[in-house]
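Okay, structure first, notes after.
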Amino acid sequence: MSVVRLTHSRDRSSSFRPSPFFILDEIDAALDKYNISRVVQFLQKQKKNVQFLVVSHNNHFYENADSLVGVMLDGDQSCSRTLTLDLSQFGQ
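Sequential numbering of the sequence shown, starting at 99, is according to our numbering.
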């Protein structure tokens, strides 16, 4: 019901602006290579207006990413750490 209410309030309110940010968690799990390529192409076209956080184990997503974020366990401190790699500086 909340989604229906939100949709209706969006139509009535001109001040409502949805966040241009999407989290896609392993959307490639049931896709073959051809359809993964189509998803990557779609994301590339949309990235000027929308930000995507894609959780995937697929190399095709890595190869076409603007940046990569890895999460690892720091055994010394018993906590998680992140490593971010900005791939935009390397070009295509």
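Note that the Cβ used here is the ideal one computed from N, Cα and C, for glycine as well.
This one's a predicted model, so the numbers in the text were calculated from it and none came from an experiment.
Per-residue DSSP class, three states only, for residue i
{"i": "LEU185", "result": "coil"}
{"i": "LEU141", "result": "helix"}
{"i": "ILE121", "result": "strand"}
{"i": "SER154", "result": "coil"}
{"i": "SER165", "result": "strand"}
Whole-Å CB distance - residue i paired with residue j, under 8 angstroms assumed
{"i": "LEU185", "j": "ALA163", "result": "6 angstroms"}
{"i": "GLU124", "j": "VAL153", "result": "6 angstroms"}
N-terminal and C-terminal residue of the alpha helix (DSSP H) that residue i is part of
{"i": "ASN157", "result": "157-161"}
8 angstroms Cβ cutoff met for residue i and residue j
{"i": "PHE188", "j": "VAL148", "result": "no"}
{"i": "PHE150", "j": "LEU122", "result": "yes"}
Bounding residues of the beta strand (DSSP E) (the contiguous stretch that carries residue i)
{"i": "ASP174", "result": "Premise fails: ASP174 is in no beta strand (DSSP E) and is neither H nor E."}
Specify whether the stretch 139-146 and the stretch 124-131 touch according to this definition: at least 3 beta carbon pairs, one from each stretch, less than 8 angstroms apart. With contact defined as three or more Cβ pairs closer than 8 angstroms, the stretch 139-146 and the stretch 124-131 are not in contact.
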